[in-house]
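**Student:** Residue numbers (this note's numbering): -7 to 161.
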Amino acid sequence: ESATNNTVKYSNVYGASTVGNNAATIQFSESLSGTGVDNNLVDNCNIGPSGTNYPLYAFYSVGRLNIINDHNTISNCNIYDFRFSGGGTAQDHRGIYLAGTNSDWTIEGNSLYQTGTGYPGPGGVTVTGIYVNNTGGNYQIRNNYIGGNGPGCSGIWTINGTAVDYKFT
């Protein structure tokens, strides 16, 4: 069944994952029926790791063929410490990752960063703040801060690998 018209505001959401293509703290997953994961709001939240166990992705969404996740909003959140925690082969990591079958999202006013001045991740990976696999359209991505070690791009973001603010494919 589809998850629709939900709101998560002013919450601390902590999670961890070590491996997996869709391992995330918050995940909008494939609906087997209905219209998809639609019209949801995540606003003014802190989305980070659970202790020293880190999520590969802080936020991940993937729809299903003909069941599109759309009209969702991530706004005014602190999204931090998304990184590879070990176990298995090192994978690229992303703050917000909209994989296939998404459309009409708003991503606005968020801060994406890694705490501390050193990032202990493996070399050869790409760290991306916002990654959209552009299978849909009408994305509103604006006024986000990507980098630093605190909200609003404060401090220094030092990683061992390649950093990308945002990417559309």
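Built from N, CA and C at the ideal position, the CB exists for glycine as well.
Keep in mind that this is a model prediction, so the values were computed, not measured.
#1: Do you know whose CA, among V34, E100 and R86, lies nearest N125's CA?
#2: For G101, I'd like the list of residues in its chain whose CB is within less than 6 Å of its CB, leaving aside the five on either flank, ordered along the chain.
#3: When the Cα atoms are used, what is the spatial distance from G110 to A8?
#4: For the segment 63 to 108, which segments carrying the beta strand (DSSP E) assignment without a break, of at least 3 residues, lie completely within its bounds, in sequence order?
#5: I need the DSSP call for G40, collapsed to helix, strand or coil.
#6: Over the uninterrupted beta strand (DSSP E) stretch that includes V124, give me the two end residues.
#7: Taking S23 and S(-6) to be in contact with their CB atoms under 8 Å, please state how far apart those CB atoms are, rounded to whole angstroms.
#8: At which residues does the beta strand (DSSP E) containing D30 begin and terminate?
#9: Between S103 and N58, which are expected to be in contact by the criterion C-beta below 8 Å, what is the C-beta distance as a whole number of angstroms?
#10: With a threshold of 16 other CB atoms inside 10 Å of the CB of G28, please say whether the residue is buried or exposed.
#11: Please say whether T120 and T98 have beta carbons closer to each other than 7 Å?
#12: State buried or exposed for Y72, treating a residue as buried only when at least 16 other CB atoms are found within 10 Å of its CB.
#13: Three-state secondary structure (DSSP) at G144?
#14: Our contact map puts V54 next to T93 with C-beta atoms below 8 Å; I'd like the distance itself, whole angstroms only.
#15: Please classify S146 as buried or exposed, where buried requires at least 16 neighbouring CB atoms within 10 angstroms.
**Tutor:** Taking the geometry as given:
#1: In the sequence shown, counting from the first residue as 1, residue 125 sits at position 133. Out of V34, E100 and R86, R86 has the C-alpha closest to the C-alpha of N125.
#2: Start at 1 with the first residue of the sequence shown, and residue 101 comes out as number 109. Answer for G101: S67, N68 and N135, listed in chain order.
#3: On the sequence shown, position 118 is the one that residue 110 refers to. On the sequence shown, position 16 is the one that residue 8 refers to. With a pLDDT of 48 at G110, under the threshold of 50, the modelled position of this residue cannot be trusted; read the value that follows with caution. Distance between the alpha carbons of G110 and A8 is about 19 Å.
#4: 65 to 67, 70 to 72, 85 to 90, 98 to 100 and 103 to 105
#5: Working through the sequence shown from its first residue, we reach residue 40 at position 48. Strand.
#6: The count along the sequence shown starts at 1 and reaches residue 124 at position 132. T118 to V124 is the span of the beta strand (DSSP E), which, as asked, contains V124.
#7: Translated into the one-based positions of the sequence shown, residue 23 becomes position 31. Translated into the one-based positions of the sequence shown, residue -6 becomes position 2. Correct: roughly 4 Å between the Cβ atoms.
#8: Indexing the sequence shown from 1 puts residue 30 at position 38. From DSSP, D30 is part of no beta strand (DSSP E); its letter is neither H nor E.
#9: Looking up residue 103 in the sequence shown gives position 111. Looking up residue 58 in the sequence shown gives position 66. Not really, about 35 Å apart at Cβ, beyond 8 Å.
#10: Counted from its first residue, the sequence shown places residue 28 at position 36. Looking at its Cβ environment, which holds 16 or more other Cβ atoms inside 10 Å, G28 is buried.
#11: To locate residue 98, count along the sequence shown from 1; it is residue 106. To locate residue 120, count along the sequence shown from 1; it is residue 128. No, the Cβ-Cβ distance between T98 and T120 is not below 7 Å.
#12: Counted from its first residue, the sequence shown places residue 72 at position 80. It counts as buried.
#13: For the purposes of this step, residue 144 is taken as residue 152 along the sequence shown, with counting starting at 1. Helix, per DSSP.
#14: The residue given as residue 54 occupies position 62 in the sequence shown. The residue given as residue 93 occupies position 101 in the sequence shown. Sure, about 6 Å apart at Cβ, within 8 Å.
#15: Stepping through the sequence shown from its first residue, residue 146 is reached at position 154. It is exposed - the Cβ of S146 has fewer than 16 other Cβ atoms within 10 Å.
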